[in-house]
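Here is the structure we will look at, set down as structure tokens.
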Amino acid sequence: MSKIVIVGSGPSGCFLANALIKKAPHLQIDILEQLETPFGLLRYGVAPDHLVTRKQEQMFERLIQHPNIALKTSVKVGQDIDYEQLKTDYSLVVFATGASQDKPLRVSDEELMGVCGSGAFAAWYNGHPDFVDWQPNLGNSVIIIGNGNVSLDIARVLAKTPEERKDSVMPLHVQDYLAKHPVKQIRIIGRRGPIDAKFTTAELTELDSLSQASPWHSAPTDFVSQLNDLPISQQKMLQQLGDYHRPQNDNKPISIEFLFNLSLKALSGTQDKQLSHATFERTDSTNAEPTSFEVNTLIGAIGYTAQPIPGVPFDADNGIFAHTNGRIDANVYCVGWCKRGPQGVIPVNRADAMALAKTLFMDHPEVFAE
Numbered sequence: 044m045s046k047i048v049i050v051g052s053g054p055s056g057c058f059l060a061n062a063l064i065k066k067a068p069h070l071q072i073d074i075l076e077q078l079e080t081p082f083g084l085l086r087y088g089v090a091p092d093h094l095v096t097r098k099q100e101q102m103f104e105r106l107i108q109h110p111n112i113a114l115k116t117s118v119k120v121g122q123d124i125d126y127e128q129l130k131t132d133y134s135l136v137v138f139a140t141g142a143s144q145d146k147p148l149r150v151s152d153e154e155l156m157g158v159c160g161s162g163a164f165a166a167w168y169n170g171h172p173d174f175v176d177w178q179p180n181l182g183n184s185v186i187i188i189g190n191g192n193v194s195l196d197i198a199r200v201l202a203k204t205p206e207e208r209k210d211s212v213m214p215l216h217v218q219d220y221l222a223k224h225p226v227k228q229i230r231i232i233g234r235r236g237p238i239d240a241k242f243t244t245a246e247l248t249e250l251d252s253l254s255q256a257s258p259w260h261s262a263p264t265d266f267v268s269q270l271n272d273l274p275i276s277q278q279k280m281l282q283q284l285g286d287y288h289r290p291q292n293d294n295k296p297i298s299i300e301f302l303f304n305l306s307l308k309a310l311s312g313t314q315d316k317q318l319s320h321a322t323f324e325r326t327d328s329t330n331a332e333p334t335s336f337e338v339n340t341l342i343g344a345i346g347y348t349a350q351p352i353p354g355v356p357f358d359a360d361n362g363i364f365a366h367t368n369g370r371i372d373a374n375v376y377c378v379g380w381c382k383r384g385p386q387g388v389i390p391v392n393r394a395d396a397m398a399l400a401k402t403l404f405m406d407h408p409e410v411f412a413e
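Take 44 as the starting number for the sequence shown in the working numbering and just add one per residue.
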């Protein structure tokens, strides 16, 4: 009987296992997960208040009940079993380990207290076991760097009232910490302009329904005149962003301000190494003076890299496994964020998994034949 191993039990790995077992129910598929609990990004990356998205877990729970699928938790490749052993023990090896390492900000003093990455922050507010004792050193003023949905998730979670946060799977100790450390000012800062933002309309719209927070910006809205040349989804997103071109709502105590065309250049802190200021330079002007903000907490949401595994070819420049169309080595493949980088929501990873399944069927018909 052919045996396949999938390293990683997040969405890409589970979607792939589902596609393979449907095609060849006789296969033996082992799914290796380094944590004690499965489902990776779905459990520890998706915002805790996005309950509809999290319902995908129910399908994955059913999947791992299949008699020919074995989920093996607390197994770290490179530590508990090495790469060469995997290639010996299995007909095919697929890495679906995701990309969970925060990219560094690459400025001096990023080790100051109050500075962290969005991956760490999301892991904390989702109850990741490696972050149970971690805290974000949260203050009244927060800057989130990055113009993607992760920034919106963090801003929304911070701006919600304790009552609003109850409708989520957020751990109680995190809810308690956030209730005791209320935020008053949130700035979402991107180094490019609005038209380059990677927000989605649904995530942007959620901010407008917060009871105590007001999303707004004062950036030029000339991007609205370019909408006709853009995909419909991007047009809708930019229209929503255009609706936020307004003064801050003084009737709501929490400000969520969008700023564009600003690149982080320096951080500074107090004598006890607590973050106090962040300085930015404009990317759309060579003459403008740097802008400095007082800030207690700065969260970098500028992307992630995959975690290298000893022996597995790795593309350090792009933070992914080295591959050609998903092929790493003879009988070794990768899928999802560890293949493409941290781009694309869960449906995109499903499509990637389906594409790899077709590649495997084509490359190795003997593995899937009864």
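Cβ atoms here follow ideal geometry from the backbone N, Cα and C, with glycine treated the same way.
It should be emphasised that the depicted structure is a prediction, and the values quoted were computed from it without experimental measurement.
The criterion of a C-beta distance shorter than 9 Å is satisfied by Arg230 and Ile186. For Pro258 and Glu300, the gap between their C-alpha atoms comes out near 6 Å. At a Cβ-Cβ threshold of 9 Å, Thr131 and Val50 do not count as neighbours.
One thing to note: Pro179 has its Cβ within 9 Å of the Cβ of Phe164.
By the C-beta density criterion, Gln108 is exposed, having fewer than 16 other C-beta atoms within 10 angstroms.
In the DSSP assignment, Gly285 falls within the alpha helix (DSSP H) that extends over 275 to 286. If the five residues before and after Lys66 are omitted, its C-beta is found closer than 8 Å to the C-beta atoms of Ala400, Phe404, Phe411, all from its own chain and listed in chain order.
Residues Gln283 of the same chain have their beta carbon placed closer than 8 Å to that of Thr248, with the five preceding and five following residues left out of the count. With three or more CB-CB distances shorter than 8 Å, the stretch 183 to 197 counts as touching the stretch 236 to 255. Sequence-distant Cβ neighbours of Leu59 in its own chain, meaning closer than 7 Å and more than five residues away, are Ile49, Val137, Ala139, Val378, Ala396, Leu399, Ala400. Here Gly312 really is in contact with Leu318; their C-beta atoms are around 5 Å apart, less than 8 Å.
For His260, the secondary structure class from DSSP, reduced to helix, strand or coil, is strand. In the same chain as Thr116, and ignoring 5 residues on each side of it, the C-beta atoms closer than 6 Å to its own belong to Glu76, Glu79, in chain order.
In this structure, Val150 and Lys308 form a Cβ contact; the two beta carbons are roughly 7 Å apart against a cut-off of 8 Å. Here Glu154 is near Lys316, since their CB atoms are less than 9 Å apart. Distance from the CA of Gly343 to the CA of Pro385, rounded to the nearest whole angstrom, comes to 14 Å. Pro237 is positioned such that its CB atom lies closer than 9 Å to that of Thr264.
A direct Cα-Cα distance of roughly 11 Å separates Phe303 from Glu324.
With respect to Asn361, Pro54 sits apart: the two C-beta atoms are not nearer than 9 Å. By the Cβ-count criterion, Ala222 is exposed, with fewer than 16 other Cβ atoms from all chains shown falling within 10 Å of its own Cβ. Taking 3 residues as the minimum length, the beta strand (DSSP E) runs contained wholly in the stretch 308 to 395 are 318 to 325, 334 to 337, 340 to 343, 370 to 372, 375 to 377, in order along the chain. Within the stretch 189 to 257, the complete alpha helix (DSSP H) runs of at least 4 residues fall at 192 to 202, 205 to 208, 215 to 223, 244 to 250.
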